[in-house]
Amino acid sequence: LKDPIRIVITGAAGQIAYSLIHQICSGDVFGQDQPVILHLLDITPMMTVLQGVVMEIEDTSLPLVKGAIPTDDLETAFKNVDVALFVGAMPRKEGMERKDLLSANVKIFKSQGTALDTYANKNVKVLVVGNPANTNCYILAHYAPSIPRENFTCLTRLDHNRAKGQIASRLKVSPDAVKNVIIWGNHSSTQFPDVRSATVTIHGKETPVYEAVKDDNWLKNDFVSTVQKRGAAVIAARKLSSAMSAAKAICDHMRDWWHGTNENEWVSMGIISDGSYDIEKGLVFSYPIEIKNGKLSIVQDLKMDDWSRELIDKTQKELVEEKNDALKATDP
Ligand code: NAX
């Protein structure tokens with residue numbers, strides 16, 4: 008067995024964490040030969056609940072777990088961590104305006120960013136899940152300047168998996184037959200789920216999704232809006248936001264980052280933009296990403312047309328506004 012890695016999960020007493028922890032402890036993400044020590048951060052009123060989660064971790068009796076530390080203290084949470092999963096955030100309450108939500112989250116991600124910068128391993132791999140995920144990631148990176156920019160990501164893999172799922176169900180194939188869908192932009196209803204480069208393998212033959220579906224109108228309208236609004240549809244039905252599928256997407260994101268993507272395949276991740284595809288440099292934007300030896304790179308030279316450019320510009324505009332509002336909230 009390797010030396011254990013330290014993984015902090017924030018919002019560890021919440022519902023996504025409850026689905027996530029077991030998959031991490033079972034070796035599903037970082038490998039069957041990789042022991043883990045969990046640092047579980049939540050707010051003080053949740054400490055009793057978190058104790059219960061720790062009891063359950065013990066009761067799973069999983070051999071890769073070398074420790075589970077429940078805490079409400081930032082130093083304990085971030086000390087020497089190799090992986091940081093920021094799941095906790097301030098939820099939107101009724102009557103709350105977007106700027107109130109942003110300023111509450113700016114406070115959280117400013118203090119957690121500062122703690123990450125001070126206490127974490129400098130190679131820490133960061134994934135922000137808590138909403139607004141892209142902008143929370145932007146603020147976190149802003150306050151953790153000593154950690155490399157390429158180590159900051161936010162979750163759009165759930166949207167990516169939703170897009171695969173919609174195509175698979177339309178074509179009555181298994182989701183793993185569908186490859187190279189892309190989520191561009193914000194993890195919000197302005198995201199652009201793009202299948203112009205995606206393919207589907209049916210009876211061993213790989214075909215572009217547009218050829219297989221044979222319904223451009225569906226692909227450009229209903230498909231796009233179904234994926235954009237899927238989170239809201241789950242909330243309407245379940246009266247709770249996505250948790251099982253969110254935890255699965257977190258595992259997919261981290262597993263691919265740790266072990267790499269397959270040749271000629273890409274995934275969607277929010278990363279700090281280098282200006283590719285004329286996106287403002289520094290913005291946390293979801294792109295098609297290939298991963299080799301732990302290094303993320305943006306898939307280049309995909310074709311743009313007026314339709315896709317317009318959708319990408321729209322989600323970019325929303326992210327620029329969110330970022331500016333968040334920055335205002337840091338320095339009122
Ligand atoms: P829950 O409300 O069940 O859990 C959140 C937990 O975070 C709570 O235990 C809370 O006490 C804790 N928390 C709040 N502030 C904290 C702080 N400052 N430090 C540490 N812990 C803190 O929410 P859950 O359903 O688990 O969702 C977590 C977040 O994921 C939400 O912000 C949600 O909007 C976001 N999501 C993001 C998704 C994505 O694809 N990027 C998809 C799923 C999900 O909607």
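With full-length UniProt numbering applied, the sequence shown corresponds to residues 8 to 339, in that order.
Even for Gly, the Cβ is constructed at its ideal location relative to N, Cα and C.
Please say whether ILE28 and LEU48 have beta carbons closer to each other than 8 Å? Taking the sequence shown and counting its residues from 1, one reaches residue 48 at position 41. Taking the sequence shown and counting its residues from 1, one reaches residue 28 at position 21. No. Outside cutoff.
Count the C-beta pairs between the stretch 313 to 333 and the stretch 183 to 198 that are closer than 8 Å, then say yes if the count reaches three, no if not. yes
Please name the residue in ILE319, MET276 and TRP314 whose C-alpha comes closest to that of PHE159. Position 152 of the sequence shown, counted from the start, is the residue given in the question as residue 159. The shortest C-alpha separation from PHE159 is found at MET276.
Buried versus exposed, by CB contacts within 10 Å (16 or more), ILE209: Position 202 of the sequence shown, counting from 1, holds the residue named residue 209. With fewer than 16 other Cβ atoms within 10 Å, it is exposed.
GLY192 bridges to which residues according to DSSP? Taking the sequence shown and counting its residues from 1, the one referred to as residue 192 is at position 185. GLY192 is bridged to SER293.
Under the DSSP definition of a beta bridge, which residues are partnered with ALA91? Locating residue 91 in the sequence shown gives position 84, where the first residue counts as 1. VAL15 and VAL133.
So, at 7 Å on beta carbons, what are the nonlocal neighbours of ILE286 in its own chain, with the 5 sequence-adjacent residues on each side left out? Reading the sequence shown from its first residue, position 279 is the one you call residue 286. Excluding residues within five positions, the ones whose Cβ falls inside 7 Å are SER280, PHE292 and GLN323.
LEU48 bridges to which residues according to DSSP? As a first step, residue 48 is located in the sequence shown; it is residue number 41 there, counting from the start. Per DSSP, THR17 and THR78.
Residue range of the alpha helix (DSSP H) that includes LEU303: Here residue 303 is taken as the residue at index 296 of the sequence shown, counted from 1. Looking at the DSSP string, LEU303 is not in any alpha helix (DSSP H); the run it does join, the beta strand (DSSP E), is 302 to 305.
Short Cβ contact (8 Å threshold) for ALA336 with VAL135: Here residue 336 refers to the residue found at position 329 when the sequence shown is read from its first residue. Here residue 135 refers to the residue found at position 128 when the sequence shown is read from its first residue. Cβ atoms of ALA336 and VAL135: not closer than 8 Å.
In terms of residues, what are the limits of the alpha helix (DSSP H) holding GLU213? Against the sequence shown, residue 213 aligns to sequence position 206. GLU213 -> not in any alpha helix (DSSP H); beta strand (DSSP E) instead, spanning 212 to 215.
So the beta strand (DSSP E) ILE278 belongs to, where does it begin and stop? Looking up residue 278 in the sequence shown gives position 271. First-last of the beta strand (DSSP E) with ILE278: 274 to 279.
Would ILE298 pass as a contact of GLY267 if the rule is Cβ separation under 8 Å? The residue given as residue 298 occupies position 291 in the sequence shown. The residue given as residue 267 occupies position 260 in the sequence shown. Yes; because the gap between Cβ atoms is below 8 Å, this pair is in contact.
In terms of DSSP beta bridges, what is VAL207 paired with? In the sequence shown, counting from the first residue as 1, residue 207 sits at position 200. VAL207 is bridged to VAL185 and THR214.
When the Cα atoms are used, what is the spatial distance from LEU309 to GLU65? Locating residue 309 in the sequence shown gives position 302, where the first residue counts as 1. Locating residue 65 in the sequence shown gives position 58, where the first residue counts as 1. So the two alpha carbons sit approximately 48 Å from each other.
If you count every other CB in all the chains shown that lies within 10 Å of the CB of ARG156, and 16 or more means buried, which is it? The residue labelled residue 156 in the question sits at position 149 within the sequence shown. Exposed, by the Cβ-count rule.
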